[in-house]
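Student:
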Amino acid sequence: DGRWIAGGSYSYDTNGRSDVGAVYIWRWEDSGGGEYMYHQTVVPDEEDALAVTTYYLAMGEVAISYNGSLLCAGSPYDSTNGVDAGVVLVWRQNSTRMYEVVQKLYSPDAAHSRMLAQSGCAMSADGSTISAGSAYLDGAGKREAGVMYVWKWQEEGGGGGGGNTVARYELHQTLTPLESAVVINAYGLGSSPPFLSFDGSHLAGAAVNDKEKGSSSGAVYVWYK
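Under this note's numbering, think of the first position of the sequence shown as 8, with each following residue one higher.
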């Protein structure tokens with residue numbers, strides 16, 4: 008609704024470490040004629056940032072939900088599931104409207120130097136859908152063909168049985184280059200920031216080295232559900 012703004016600084020230094028990265032959040036205040044006021048700086052968990060030389064949180068696009076309650080940003084150099092495998096971090100506002108990490112999203116195909124979310128992540132307005140690409144993932148018999156991942160918010164359990172409800176993002180779909188595409192080495196699907204529509208029904212992602220219209224002319228993929 009325009010009351011919250013988030014922006015990243017991937018070269019932000021903290022706790023004696025260089026290039027850890029951070030996301031800044033501002034909120035709109037109506038008093039005094041109205042202006043955006045600084046709200047919070049979020050940084051990675053110290054244990055994650057210490058595990059690599061450069062963490063580069065928010066190297067690509069960051070995304071925030073319509074009402075500002077959810078925020079996501081990527082770190083392509085997170086090495087939890089392999090050196091430079093990458094991660095998408097998700098924060099949620101707590102009762103005092105401060106952001107806390109609630110989940111870390113990893114590629115199911117995690118491997119060294121796949122750099123998930125190097126170009127950033129996208130979120131639908133209601134926060135129910137998140138997408139990020141891994142342009143360096145091999146596929147279709149080619150090196151670095153690229154892939155796009157989609158996660159959906161899921162709630163399980165609870166109800167009449169009396170069990171506890173488990174709510175979290177789960178991998179929903181893995182999107183790969185079209186079979187009809189002329190996929191070459193370094194095709195790079197997911198190499199540019201993804202874009203999700205307001206309701207999450209449409210997703211766009213780029214392959215910078217698609218050659219259908221000429222060498223490295225590129226292509227934009229659009230998926231819908």
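For every residue, glycine included, the Cβ atom is placed at its ideal position computed from N, Cα and C.
Computed from a prediction, not measured in an experiment: that's the story for all the values here.
The beta strand (DSSP E) with residue 107 in it runs from where to where?
Tutor: Looking at the DSSP string, the run of the beta strand (DSSP E) that includes residue 107 is 106-112.
Student: Quick one: give me the first and last residue of the beta strand (DSSP E) that residue 57 is part of.
Tutor: No beta strand (DSSP E) holds residue 57; the alpha helix (DSSP H) holding it covers 53-57.
Student: Once DSSP output is grouped into helix, strand and coil, what is the label at residue 82?
Tutor: Reduced to three states, the DSSP call for residue 82 is strand.
Student: Among 64, 102, 129, whose alpha-carbon lies nearest the alpha-carbon of residue 203?
Tutor: The shortest C-alpha separation from residue 203 is found at 129.
Student: Evaluate contact between the segment 143-162 and the segment 190-200, counting only Cβ atoms and requiring at least three cross-stretch pairs below 8 Å.
Tutor: Yes, the segment 143-162 is in contact with the segment 190-200.
Student: DSSP state of residue 38, grouped into three classes?
Tutor: If DSSP states are grouped into helix, strand and coil, residue 38 belongs with the helices.
Student: Compare the C-alpha of residue 51 against each of 98, 188, 11 and name the closest.
Tutor: Of the candidates 98, 188, 11, the one whose C-alpha sits nearest the C-alpha of residue 51 is 98.
Student: What are the start and end residues of the beta strand (DSSP E) that includes residue 161?
Tutor: Per DSSP, residue 161 belongs to the beta strand (DSSP E) from 154-163.
Student: Rounded to a whole number of angstroms, what is the C-alpha to C-alpha distance between residue 159 and residue 143?
Tutor: Roughly 23 Å between the two C-alpha positions.
Student: Between residue 228 and residue 84, what straight-line distance do the alpha-carbon atoms span, to the nearest angstrom?
Tutor: About 26 Å.
Student: What residue from 188, 219, 220, 183 has the CA that sits closest to residue 230's CA?
Tutor: Comparing Cα-Cα distances from residue 230 to each of 188, 219, 220, 183, the minimum goes to 183.
Student: How about residue 198: is its C-beta nearer than 8 Å to some C-beta of chain B?
Tutor: Included in the structure is just one protein chain, with no chain B present.
Student: Going by CA-CA distance only, name the one from 24, 140, 60, 120 that's closest to residue 80.
Tutor: Closest option to residue 80, Cα to Cα, is 140.
Student: My output table needs one value for residue 205: the three-state DSSP class, helix, strand or coil.
Tutor: Residue 205 falls in the coil class under three-state DSSP.
Student: On the premise that residue 67 lies in contact with residue 131, defined as a C-beta separation below 8 Å, what is that separation, rounded to the nearest angstrom?
Tutor: Contact doesn't hold; Cβ gap of about 18 Å is too wide.
Student: What do you get for residue 216, buried or exposed, if any count of 16 or more other CB atoms within 10 angstroms of its CB means buried?
Tutor: Per the 10 Å Cβ criterion, buried.
Student: Can you give the beta carbon distance from residue 157 to residue 138, rounded, assuming they're within the 8 Å contact cut?
Tutor: Confirmed, about 5 Å.
Student: Measure from the alpha carbon of residue 30 to the alpha carbon of each residue in 8, 105, 226, then state which is nearest.
Tutor: For residue 30, the nearest C-alpha among the options comes from 105.
Student: Using the beta-carbon count (16 or more within 10 Å), is residue 8 buried or exposed?
Tutor: The residue is exposed, with fewer than 16 neighbouring Cβ atoms inside 10 Å.
Student: Going by DSSP, what residue range makes up the beta strand (DSSP E) through residue 16?
Tutor: Its beta strand (DSSP E) spans residues 11-16.
Student: Beta-carbon separation of residue 162 and residue 174 under 8 Å?
Tutor: The answer is yes: Cβ separation under 8 Å.
Student: With residue 130 as the anchor, note down where its beta strand (DSSP E) starts and where it stops.
Tutor: Element bounds for residue 130: 128-130.
Student: CB residue 214 to CB residue 198, shorter than 8 Å?
Tutor: Yes, Cβ-Cβ distance for residue 214 and residue 198 is below 8 Å.
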